[in-house]
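Visitor: Sharing a structure with you now.
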Amino acid sequence: MSAGFDDIRGGNSSITIDGLEVSPNKRGHNVVAVDQEGNVIGARNFDTHEDSSAGKNMANFIESLPTHTVVLIAVKDSGEKFVDDAANALKSLGATNPLNPDFRGSWLLVGYKGNGEKPSWIRQEQQARSFGPCYITTIVLLMLPLYGIHARVKINHGVANCVCPPAQPKDDAGIEDHQGDSLPNPHPTLPRKEDQ
Numbered sequence: 001m002s003a004g005f006d007d008i009r010g011g012n013s014s015i016t017i018d019g020l021e022v023s024p025n026k027r028g029h030n031v032v033a034v035d036q037e038g039n040v041i042g043a044r045n046f047d048t049h050e051d052s053s054a055g056k057n058m059a060n061f062i063e064s065l066p067t068h069t070v071v072l073i074a075v076k077d078s079g080e081k082f083v084d085d086a087a088n089a090l091k092s093l094g095a096t097n098p099l100n101p102d103f104r105g106s107w108l109l110v111g112y113k114g115n116g117e118k119p120s121w122i123r124q125e126q127q128a129r130s131f132g133p134c135y136i137t138t139i140v141l142l143m144l145p146l147y148g149i150h151a152r153v154k155i156n157h158g159v160a161n162c163v164c165p166p167a168q169p170k171d172d173a174g175i176e177d178h179q180g181d182s183l184p185n186p187h188p189t190l191p192r193k194e195d196q
């Protein structure tokens, strides 16, 4: 959820994953990076309302993330002044114009850092001052690379919940026995490991 100062007194930024709040929830752009296994690998705040270096710092952070990272961004309070230096980095995640929220407006992005075509679940929402907060609901498909198994993360009103296949039994060595051919492919456009 992204709320400007006048939407909820003082504004708010909420990004939760599996019930755990991970947003720094400070003024400006709150950025959370999630890897392909659903783990939070970074959570940073960039005060794009007050700090003239915030846009550049946000761009550097996004550029430092590994390929195939899900990036969740929620603006709190106000974050309209110093975004221009991060424009290319935001667009690389699938963001589109307008990239700058209005003064005390709300702005959200569920983006993806990856090569080639962007996934269909990328979402961006924005509301003008006093017309927020804004929310996003989408399903994010993750790939567990070791087993070639797909997992889905549902981001609902700024809340992300991982939906993974049920736990598989472990063999005598304590290694999980994942039989991909017994699991349906939840995303037919992405091949399972055994199909490659």
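Using full-length UniProt numbering, the letters of the sequence shown correspond one by one to residues 1 to 196. Glycine included, C-beta positions come from ideal geometry on N, C-alpha and C.
Does the separation of the CB atoms of L65 and K113 fall below 8 Å?
Guide: Counted from its first residue, the sequence shown places residue 65 at position 65. Counted from its first residue, the sequence shown places residue 113 at position 113. A contact, by the Cβ cut-off of 8 Å.
Visitor: Judging by CA-CA distance, which residue of L93, F131, V70 and A54 is the nearest neighbour of S106?
Guide: Counting from one through the sequence shown, the residue named residue 106 turns up at place 106. Checking every option, the nearest Cα to that of S106 belongs to F131.
Visitor: When you compare only the Cα positions, how much space is there between F5 and S92?
Guide: Taking the first residue of the sequence shown as position 1, residue 5 is located at position 5. Taking the first residue of the sequence shown as position 1, residue 92 is located at position 92. Near 28 Å, if we compare the C-alpha coordinates of S92 and F5.
Visitor: Does the segment 81-91 touch the segment 46-65, meaning 3 or more C-beta pairs lie closer than 8 Å?
Guide: Yes, the segment 46-65 is in contact with the segment 81-91.
Visitor: Spell out the partners DSSP gives W107 in its beta bridges.
Guide: Counted from its first residue, the sequence shown places residue 107 at position 107. W107 pairs with Q126.
Visitor: Taking the alpha-carbon positions, what's the V110 to E50 distance?
Guide: One-based indexing of the sequence shown puts residue 110 at position 110. One-based indexing of the sequence shown puts residue 50 at position 50. Taking the straight line joining both Cα atoms gives about 24 Å.
Visitor: For A54, I'd like the list of residues in its chain whose CB is within less than 7 Å of its CB, leaving aside the five on either flank, ordered along the chain.
Guide: In the sequence shown, residue 54 corresponds to position 54, counting from 1. G28, F46, D47, T48 and F82.
Visitor: What would DSSP say about S92, mapped onto helix, strand or coil?
Guide: For the purposes of this step, residue 92 is taken as the residue at position 92 of the sequence shown. Of the three classes helix, strand and coil, the one that applies to S92 here is helix, per DSSP.
Visitor: Grab the span of the alpha helix (DSSP H) containing K118 for me, first residue to last.
Guide: Stepping through the sequence shown from its first residue, residue 118 is reached at position 118. Run containing K118: none; DSSP gives neither H nor E here.
Visitor: For S120, tell me which candidate among I41, V31 and L142 has the shortest Cα-Cα distance.
Guide: Residue 120 sits at position 120 when you count from the first residue of the sequence shown. If we check each option's Cα against that of S120, L142 comes out closest.
Visitor: DSSP on N30, reduced to helix/strand/coil?
Guide: For the purposes of this step, residue 30 is identified with residue 30 of the sequence shown, where counting begins at 1. It is a strand residue.
Visitor: Considering S2, what are the terminal residues of the alpha helix (DSSP H) in which it resides?
Guide: Indexing the sequence shown from 1 puts residue 2 at position 2. First-last for S2: S2 to G4, but that is the beta strand (DSSP E), not the alpha helix (DSSP H).
Visitor: Rank T67, F103, T138 and A128 by C-alpha distance to the C-alpha of A33 and give the top, closest one.
Guide: In the sequence shown, residue 33 corresponds to position 33, counting from 1. Measuring from the Cα of A33, the nearest candidate turns out to be T67.
Visitor: Return yes when the Cβ of M1 is within less than 8 Å of the Cβ of P133, no when it is not.
Guide: As a first step, residue 133 is located in the sequence shown; it is residue number 133 there, counting from the start. As a first step, residue 1 is located in the sequence shown; it is residue number 1 there, counting from the start. In contact: P133 and M1 (Cβ atoms closer than 8 Å).
Visitor: Pick out the complete alpha helix (DSSP H) segments inside the segment 59-90, 4 residues or longer, and give them in chain order.
Guide: You should have found no qualifying run.
Visitor: State the start and end residues of the unbroken beta strand (DSSP E) segment that holds F46.
Guide: On the sequence shown, position 46 is the one that residue 46 refers to. First-last of the beta strand (DSSP E) with F46: V40 to F46.
Visitor: Secondary structure at N25, three-state DSSP: helix, strand or coil?
Guide: If you number the sequence shown from 1, residue 25 lands on position 25. It is coil, neither helix nor strand.
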